[in-house]
Amino acid sequence: MKRFLLLLRSIRRTQGEGPESERTSGERRVMTDGGTSEKRSTFQRWLDSDIVQSAPFWLPPFLLMGFFVYAAIGWNFLLSLTEYSGFGDPDYSNLGLQNYWAMLDDPGMWAATRNTFVLLVGFTVVCLIVGLLLALLLDREIRFSRSFRTIYLLPFALSFIVTAQFWRWMYNVNNGIINQFIGVFGLGPYSWLGSPKLVLGAVIFALVWQFSGYTMIIYLAALRSIPNDQYEAARADGASTVRMYWRVIIPQLRPAMVSATVTLVLFALKAFDFLYATFDGYRPRRGADILATKMVRESFGRSEWAYGSSIALMLFVLSLGVITPYLYNQYKRGNL
Amino acid sequence: MSEKSVTTEEAAEQTAMKRVTDGITLGRVGLYATLIGLVGFYLLPIESGLVTSIKTPTGLDNTFPFLPPLDAGWITFEKWQVAFDYLAPGMVNSMLFTIPSTILCAILGSMAAYGLTLVDWRGQIAVLALFIAGIFVPYQAVIVPLFQFWSQYMQLGARLSFLWGLPLLEPHYATILELIITHTAYGIPIVTLLFRSQYKTMSNEMIEAARLDGASVWRVYRRIVLPLSIPMFAVVFIFQFTQIWNEFLFSLTIIGSTNDPAASATLILSGLGQSLEGTDYPLRMAGAFITALPTLLVYVLFADKFAEGVQT
Numbered sequence: 001m002k003r004f005l006l007l008l009r010s011i012r013r014t015q016g017e018g019p020e021s022e023r024t025s026g027e028r029r030v031m032t033d034g035g036t037s038e039k040r041s042t043f044q045r046w047l048d049s050d051i052v053q054s055a056p057f058w059l060p061p062f063l064l065m066g067f068f069v070y071a072a073i074g075w076n077f078l079l080s081l082t083e084y085s086g087f088g089d090p091d092y093s094n095l096g097l098q099n100y101w102a103m104l105d106d107p108g109m110w111a112a113t114r115n116t117f118v119l120l121v122g123f124t125v126v127c128l129i130v131g132l133l134l135a136l137l138l139d140r141e142i143r144f145s146r147s148f149r150t151i152y153l154l155p156f157a158l159s160f161i162v163t164a165q166f167w168r169w170m171y172n173v174n175n176g177i178i179n180q181f182i183g184v185f186g187l188g189p190y191s192w193l194g195s196p197k198l199v200l201g202a203v204i205f206a207l208v209w210q211f212s213g214y215t216m217i218i219y220l221a222a223l224r225s226i227p228n229d230q231y232e233a234a235r236a237d238g239a240s241t242v243r244m245y246w247r248v249i250i251p252q253l254r255p256a257m258v259s260a261t262v263t264l265v266l267f268a269l270k271a272f273d274f275l276y277a278t279f280d281g282y283r284p285r286r287g288a289d290i291l292a293t294k295m296v297r298e299s300f301g302r303s304e305w306a307y308g309s310s311i312a313l314m315l316f317v318l319s320l321g322v323i324t325p326y327l328y329n330q331y332k333r334g335n336l
Numbered sequence: 337m338s339e340k341s342v343t344t345e346e347a348a349e350q351t352a353m354k355r356v357t358d359g360i361t362l363g364r365v366g367l368y369a370t371l372i373g374l375v376g377f378y379l380l381p382i383e384s385g386l387v388t389s390i391k392t393p394t395g396l397d398n399t400f401p402f403l404p405p406l407d408a409g410w411i412t413f414e415k416w417q418v419a420f421d422y423l424a425p426g427m428v429n430s431m432l433f434t435i436p437s438t439i440l441c442a443i444l445g446s447m448a449a450y451g452l453t454l455v456d457w458r459g460q461i462a463v464l465a466l467f468i469a470g471i472f473v474p475y476q477a478v479i480v481p482l483f484q485f486w487s488q489y490m491q492l493g494a495r496l497s498f499l500w501g502l503p504l505l506e507p508h509y510a511t512i513l514e515l516i517i518t519h520t521a522y523g524i525p526i527v528t529l530l531f532r533s534q535y536k537t538m539s540n541e542m543i544e545a546a547r548l549d550g551a552s553v554w555r556v557y558r559r560i561v562l563p564l565s566i567p568m569f570a571v572v573f574i575f576q577f578t579q580i581w582n583e584f585l586f587s588l589t590i591i592g593s594t595n596d597p598a599a600s601a602t603l604i605l606s607g608l609g610q611s612l613e614g615t616d617y618p619l620r621m622a623g624a625f626i627t628a629l630p631t632l633l634v635y636v637l638f639a640d641k642f643a644e645g646v647q648t
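In order, the protein sequence lines correspond to chains V and Z. Going by the numbering used here, the first sequence opens with residue 1, and the numbers climb by one from there. Going by the numbering used here, the second sequence opens with residue 337, and the numbers climb by one from there.
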């Protein structure tokens, strides 16, 4: 009887049923004759295994993403070993590390590296602190807390090209709000975006304005998941508010802080849009050039494709230095 | 039983007392003052941009940058008109690549998350790690090969030249198609993570029961998982739409020039009002608002969904 059914199914299949019903019937067969599974060939068992069954779901997106992300990174590495510049095609026959040596002799490279780290550290630390304060303020049974949250997160929903326009106007030397504000205290006016000493700080300030809402959201989600009785227990022990937050609540925000830090650091490594729009082109004002902008300028501004690729690879290695420990840590904790 | 009712009563009383005291404590007043001050801080650059965009040159000189034009003669909507004329084709182009790639991202990401979460197999964690690492890879690390790929190897414009004679199709749609594919590919990792975060919490029992009843992997996806992921689809649509609309580096490198017929809204805005005499701020502010309008609308209407997308 079972054989007959199987035969029927196979006939139906050859008659050209849709792939969906074919798979359904295949699946059914596994279930119905589970007792005779030894008879099935290894090939068939392999076909019915979960990895193959699930492949139609994850493999197409994986191939598309893998080609554009990982194959492209490999290709980028190959390009960085060539002498490719200007128009035409790259020559892959003569590969060498010359671009990496050239980076060491490039003074612009050192300045960009230094600025990248200043931006990375300054931006990340300030964002984490401001975001934490916002989250703690909003986590105190506040009326309209959702409206406040929505407003603080608003800049994060805007394009960098849009916010850069606003900040150019804010930082305007003659009638920008920042200069008018410090003018009240008898300071300034400063050329915020023109002076090599001030420009990086000004950029960090604007980016903190845009990103602190993001850190706030991350912290808020973590704060909401802390059970209420922990607050009550700390209160019952007679701990002051400050002490309670410092000892009980903030230590529990560590995982949230780590994931926010990873996102912020990786953003700082690739920040390009805001600087491009603020300075109307590939070259930021002196003092604000970072690796991310230098990479795009070398390749797309000056057509030094191979050199640009080598800076790109360095950026990739730097971000890998952040991603790998993070993913490993998440994997260890079973959070992946 | 009585014990329980007593505690709830007590708790209710306490909160009521707290509310009474909260109403008058100085700390509470300070808290709200701080929160409102922060609202000012976060909205000031945007508000200032809005009032600046409708000022005439005299209005610009005679008012504070954060105040609206106080004299009726200082108000003009001309800059909005000019900015709109510049940006309209870009808005159309941005829509043309943002909407398809958002939908594609959502479908492919949900499928990937399903195959990697609800169907268990050995080694899937390695594949998953590659997906997640893909979220964080800086675009700079792929931008040169990407440019090479589209401009030297694919040359979609030439390859699809037989299409451009058809009605409603234009040669610059080749660039739009390139952008759709690119944005889809780079959006997949984050969307996969978003769906996975939901699928992890989904009840395994239901799915196992369905599979024991003989439902195939595909059937489980279509009948059980997909209907349950509709709220997450909404989150992904909101979040990815905003991300792709706001993106700039791919527009800059793949499209190339602000004069290109395929130029996106952000690309045109980046070159708006540049001249030797200096920056035309009212024009730029008007342009910034027009470019931001779709994302602002989406954000104001679906702020909670956006926040949910950010959180994960």
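Note that beta-carbon positions come from the ideal geometry of N, C-alpha and C, so glycine has one too.
Of the choices the options, whose alpha-carbon is the least far from that of residue i?
i                 : options                                : result
Ile517 of chain Z : Z:Pro401, Z:Leu362, Z:Ile411, Z:Ser587 : Z:Ser587
Phe402 of chain Z : Z:Trp500, Z:Leu529, Z:Pro618           : Z:Pro618
Trp486 of chain Z : Z:Leu499, Z:Ala510, Z:Leu464           : Z:Ala510
Glu141 of chain V : Z:Pro597, Z:Leu367, Z:Val634           : Z:Leu367
Asp50 of chain V  : Z:Thr520, Z:Phe377, Z:Glu544           : Z:Glu544
Ala419 of chain Z : Z:Ala462, Z:Met621, Z:Leu452           : Z:Met621
Does chain V have any CB closer than 8 Å to the CB of residue i?
i                 : result
Leu362 of chain Z : no
Val365 of chain Z : no
Asp596 of chain Z : no
Gln476 of chain Z : yes
Met621 of chain Z : yes
Asn398 of chain Z : no
Thr394 of chain Z : no
Val463 of chain Z : yes
Tyr617 of chain Z : yes
Asn540 of chain Z : no
Within the same chain, show all residues whose beta-carbon is closer than 8 Å to that of residue i, passing over the 5 residues directly before and after it, in chain order.
i                 : result
Thr589 of chain Z : Ile479, Leu482, Phe483
Asn76 of chain V  : Ser309, Ala312, Leu313, Phe316
Ile524 of chain Z : Cys441, Leu444, Gly445, Ala448, Phe467, Gly470
Leu336 of chain V : Leu327, Gln330
At least one CB of chain Z closer than 8 Å to the CB of residue i: is that the case?
i                 : result
Gln299 of chain V : The amino acid at residue 299 of chain V is misidentified as Gln; the sequence shows Ser. So, interface residue.
Tyr331 of chain V : yes
Glu214 of chain V : A small correction: the amino acid at residue 214 of chain V is Tyr; Glu does not occupy that position in the sequence shown. So, interface residue.
Pro226 of chain V : Pro is not the amino acid found at residue 226 of chain V; the sequence shown has Ile there. Not one chain Z Cβ lies under 8 Å of Ile226 of chain V.
Lys197 of chain V : no
Asp106 of chain V : no
Phe87 of chain V  : no
Ser303 of chain V : no
Tyr152 of chain V : yes
Phe57 of chain V  : yes
Pro60 of chain V  : yes
Pro255 of chain V : no
Val69 of chain V  : yes
Val173 of chain V : no
Per DSSP, what kind of secondary structure is residue i in: helix, strand or coil?
i                 : result
Ile73 of chain V  : helix
Thr391 of chain Z : Contrary to the premise, residue 391 of chain Z reads as Lys rather than Thr in this sequence. In the structure shown, Lys391 of chain Z sits in a strand (DSSP, three-state: E or B).
Ile526 of chain Z : helix
Ile250 of chain V : helix
Ile290 of chain V : coil
Ile51 of chain V  : helix
Ile443 of chain Z : helix
Ile129 of chain V : helix
Ile411 of chain Z : strand
Asp273 of chain V : helix
Val455 of chain Z : coil
Ser533 of chain Z : helix
Suppose the cutoff is 7 Å on Cβ atoms and the five residues either side in sequence are ignored; what does the same chain contact list for residue i look like?
i                 : result
Ile182 of chain V : Gly188
Thr648 of chain Z : Leu529, Leu530, Ser533
Phe577 of chain Z : Thr434, Thr438, Val634
Gly96 of chain V  : Leu81
Leu266 of chain V : Ser319, Val322
Between which residues of its own chain and residue i is the CB-CB distance below 6 Å, once the five residues before and five after are set aside?
i                 : result
Asn429 of chain Z : Ala598, Ser600
Handout entry: Runs of alpha helix (DSSP H) lying entirely within the stretch 550-578 of chain Z, each at least 4 residues, in chain order
Key = 553-556
Handout entry: Entirely enclosed alpha helix (DSSP H) segments - the stretch 462-496 of chain Z, minimum 4 residues
Key = 476-484, 492-495
Handout entry: Start-end ranges of the alpha helix (DSSP H) lying completely within the stretch 73-117 of chain V, minimum 4 residues
Key = 98-105
Handout entry: Secondary structure, alpha helix (DSSP H): runs of 4+ residues fully inside the stretch 164-224 of chain V
Key = 177-184, 199-224
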